[in-house]
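Residue numbering for the sequence shown is 371 to 1059, as defined by my numbering. Everything below concerns the one structure shown next.
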Amino acid sequence: MAIPFLQDTPLPVDPVAALLQLLEEEEERVVRLWAKRIRAETYELDIPGRNLRAPLRGMMDELVRLLRDRGTDALRLWPEVVRSHGARRYDQRFDSEDLAREFKALEEVLLYVYAKRNGVLEPEVATFIVELVGEAHASAQASFARVLKTEEVRFREAAVMESVLHHVEVGILLAEMDGTVSFATPPVSRLIGVPMRAVVGSRSQTSLSAVLTQVNARHPGGEPFKVSDMPFMRALREHGPVRGVMMVVERPGGGEASLEMSATPVWEEGGELAGVIQTFTDRTEAANKTKALVSAHGELRRLQGRLLQRTRTQALGQLASGAAHALNNFLNVLRLRITLLRREFKPEHLDALDKTVGQVGELVARLQEFNVQRTEEQISDVQVDATVREALELARAELEQREHPVSVELHLGDPGAVRADPGFFRELVVNLLLAERERLGDVGGRVRVETRTESDGWVSLRVEDHATPYGTEDMTRMFDPLNRDAGAPQLSLLLAVARNQVQRWGGELSVENLSGGHGAAFVVRLPLARSSEEAEQAGVGRGPTAGPRRFQQTRRVLVVDDDPDNARMMAEVLSEEGYDVKVAHSGDVALKMWEERRYDAALLDAVMPDLSGWEVARELRKRSPQALLAIVTGMDVRGQNRSNLALVDAVFRKPIDVGALDDFLGQSESPPSGSGGGSSSAGASPAPA
């Protein structure tokens, strides 16, 4: 019979309340008509009427309870209640089509009884009923498919794990050989932002394409994300796993989400491909932090461009000094934000970002080698072959982690020892191996490492590949730290540092193409060690230290930094630790604030436009000899004279270790004699007192 719809309703109808009232008054009638329709459509099934109606009445009871207690949340919760109904119907020998007809019958019965009882069927109520029954059907079908596949010995792993997967934040879907999505966990629906029924049962070239269009799915670079780009489609084509595919989607409630997807093939016992399991993981937080790092890298490149306007002699030193200072400011803001976020969110979401900050900090340390005279090298006899083996072990994970790894063949000729610093020589070999990894790219390949003694009493170390030979211009600019080609700055800096090290040891580092036009090689040549002819390079000794200052318990801290973000974040972190913190953005302001109110400690940025942190420390030391003073800087302080270092109790390098800073500020007893009053924790360098 035709169902009349209400026209020109003066007030909107609450569909939840309307459906609840209907079921509270007509539940028995709905169950009876529903069972009658099922019996008519599935007449071949031999199921007693009571056994047929009992599960229907149970589902209706749960729906009434959810509508009464949870309101609109029933749209999300009731399908989970109905999920087990699919497995029950499988046990009663229903077909998948029978299950679909059962929920279609429920939809028709609800619409019919509501219209019959009220005389009209409001559009809001009709839409709510259709959506509610549709979600319940998708949930029951997923359970039905799971049992079916388990019975057929297909997707056994997914069937065993299903109960767990519904309670984790990783979404999982199962794809058949024809590309049909036969099962999906609720997180898939939440992460993509579409109802489950839009995903389950969809075929790759039809409704799934519409889903991707609906959420504006795209690659991180902005290109539209196609169905053929989905990891499960690639895994079906390639018969192998697919890892780390990123997709950006727009959620209906607003905002973007970055999803990482991977796919793993599932094989039959006979070795035939049965389907694919694909996972979805929310990487939105990590993607946002990565954008911040990319912005910091862009700022570094801009500084490099400005330095190119100066002479090469000036640029070489200022590249390391200025670029490291600017980049460390960005890193310090990120490290402090991580500290605050760690207290408010789950720490595991931020561990990867914190590790990246540490890696960029290591790059900054290498940049600074251009501007500071190296004094910490410990020259000794270094066994070449043993060092090569150690370097290979350190670099092996980086060489083998990609889909197409880089293998290394060792041809070691036992050339003996050379005079060098063991740590820096090992780092040199690691950097050459990593440079080969970048050169071979995603293709991978083989690298040959050879050592031998030459006839002139020198030792040679060759790192060869079989990639495309270098062009003449590439070889000319290989060791230029100001090389601005895409992807070149970091590699050029590393090679320039390496050449500088080798030259200090009396050797040479070069690059050459192999004969025959098949590959290239880095070549390191160093004199063979002769202990009777060379002396150990002496380190710079420490001067006499004064007696330690006695510190009182620190409560009031003055943070002095001309960078507003660094100053603000430092103040927020220390305030969270219980300190009373004030901020000054210049040296002059800091001195005035100190006169108005004495502080227990001051954290001073080394480089500021008016007064440097060292100058401020000199003035504060005159006024408050017992105060704790520390320099917080992104610069390398090894070139500072000892009179400046004696003014402060510690030097902290950016990105700062908040734990070491808290330990430093929290000291209330005299430090041990000879410590200089500074903290020896990680991240702080003690300053001579």
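No residue lacks a Cβ here, since even glycine has one placed at the ideal position from N, Cα and C.
*Tell me Q648's beta-bridge partners as DSSP assigns them.*
DSSP output for Q648 lists L543, A633 as bridge partner(s).
*Please confirm if the stretch 477–495 is in contact with the stretch 383–401, defined as three or more CB-CB distances below 8 Å between the two stretches.*
Yes, they touch.
_What residue range does the alpha helix (DSSP H) around A787 cover?_
Careful: A787 lies outside any alpha helix (DSSP H), inside the beta strand (DSSP E) at 787–790.
*Does DSSP put K952 in a helix, in a strand, or in coil?*
Looking at K952 - three-state DSSP - the assignment turns out to be strand.
*asked:* Determine whether the beta carbon atoms of T654 and I542 lie at a separation below 8 Å.
replied: No, the pair does not count as a contact, with Cβ atoms beyond the cut-off.
*Given 8 Å, three or more beta-carbon pairs between the stretch 984–1001 and the stretch 963–973*: Yes: the two stretches touch, three or more of their Cβ pairs being nearer than 8 Å.
*Among W404, E946, S994, E985, the one whose alpha carbon lies nearest that of G957*: Out of W404, E946, S994, E985, E985 has the C-alpha closest to the C-alpha of G957.
*When the Cα atoms are used, what is the spatial distance from G563 to A633?*
Distance from the CA of G563 to the CA of A633, rounded to the nearest whole angstrom, comes to 20 Å.
_Assigned secondary structure, A1020 (DSSP; H/G/I helix, E/B strand, else coil)_ = Residue state, collapsed to three classes: strand.
*What did DSSP end up calling E626 once you bin it into helix, strand or coil?*
Here DSSP, grouped into helix, strand and coil, assigns E626 to strand.
*Flag this pair as touching only if the stretch 438–451 and the stretch 397–410 have three or more C-beta atom pairs under 8 Å; answer yes or no.*
Inter-segment contact for the stretch 438–451 and the stretch 397–410 is absent: fewer than three beta-carbon pairs are separated by less than 8 Å.
*Can you check whether the CB of S982 is closer than 8 Å to the CB of V893?*
It is not a contact, given that the beta carbons lie outside the stated cut-off.
*Within 10 angstroms of its Cβ, does G889 collect 16 or more other Cβ (buried), or is it exposed?*
Result: buried.
*According to the neighbour-count rule (16 or more other Cβ atoms, all chains shown, within 10 Å of its Cβ), is L643 buried or exposed?*
Exposed.
*asked:* Could you check if A976 belongs to the surroundings of the ligand NAP, using beta carbon to heavy atom distance under 7 Å?
replied: For the ligand NAP, the structure offers nothing, since it holds no ligand at all.
*Closest to G877 by CA distance: which of D850, D826, D443 is it?*
Checking every option, the nearest Cα to that of G877 belongs to D826.
*Since P565 sits in a beta bridge, which residues does DSSP pair it with?*
Per DSSP, none; premise fails for P565.
*asked:* Using a 10 Å radius around the Cβ and a threshold of 16 neighbouring Cβ atoms, would you call S552 buried or exposed?
replied: Of the other Cβ atoms in all chains shown, 16 or more fall within 10 Å of the Cβ of S552; this residue is therefore buried.
*Counting only the same chain and skipping the five closest in sequence on each side, list residues whose C-beta sits under 6 Å from that of A954.*
Same-chain partners within the cutoff: V930, A960, M963.
*L884: which of L782, V833, A657 sits nearest, CA to CA?*
Closest in alpha carbon position to L884, among L782, V833, A657, is V833.
*Under 8 Å by Cβ, that's how I've got A899 and G786 pegged, so tell me the actual separation to the nearest angstrom.*
A899 to G786, Cβ: 7 Å. Contact.
*Residue range of the unbroken alpha helix (DSSP H) whose run includes S982*: Unbroken run through S982: none, as it is neither H nor E.
*Report the rounded CA-to-CA distance for A388 versus K474, giving the unit in angstroms.*
Taking the straight line joining both Cα atoms gives about 20 Å.
*According to DSSP, what are the bridge partners of F892?*
Partner(s): V833, V881.
*Could you tell me whether the stretch 774–789 touches the stretch 806–820, where touching means 3 or more Cβ pairs closer than 8 Å?*
Yes, the stretch 774–789 touches the stretch 806–820.
_Residues bridged to Q753 [DSSP beta-bridge criterion]_ = Paired residues: A787.
*Less than 8 Å between the CB atoms is what I'm expecting for L445 and E505, so what's the real figure, rounded?*
Between E505 and L445 the Cβ distance is about 7 Å, and since that is below 8 Å, they are a contact.
*Pairwise C-alpha distance: D1019 and R588*: For R588 and D1019, the distance between alpha carbons rounds to 53 Å.
*State the DSSP-derived secondary structure class of W828, mapped to helix, strand or coil.*
When DSSP states are grouped into helix, strand and coil, W828 belongs to the strand group.
*Going by Cα to Cα distance, which pick from A790, S750, L803 is closest to R759?*
Residue L803 is the option with its Cα nearest to R759.
*Please work out which residues of its chain come closer than 7 Å, Cβ to Cβ, to P601, disregarding the five sequence neighbours upstream and downstream, and give them in chain order.*
Contacts found: V612, V615, M631, S632, A633, Q648.
*For L481, which residues of its own chain have a beta-carbon under 7 Å away from its beta-carbon, when the five flanking residues on both sides are left out?*
Here the set comprises I373, L491, A496, I499.
*Measuring alpha carbon to alpha carbon, tell me which of R560, L782, P792, D652 ends up nearest Q871.*
That would be P792, whose Cα lies nearest to the Cα of Q871.
*asked:* Suppose the cutoff is 7 Å on Cβ atoms and the five residues either side in sequence are ignored; what does the same chain contact list for L582 look like?
replied: Only F595, V597 meet the Cβ criterion.
*Roughly how many angstroms separate the alpha carbons of T838 and F1022, rounded to a whole number?*
Distance between the alpha carbons of T838 and F1022: 45 Å.
*First and last residue of the beta strand (DSSP E) that includes I1001?*
Here the beta strand (DSSP E) through I1001 covers 998–1003.
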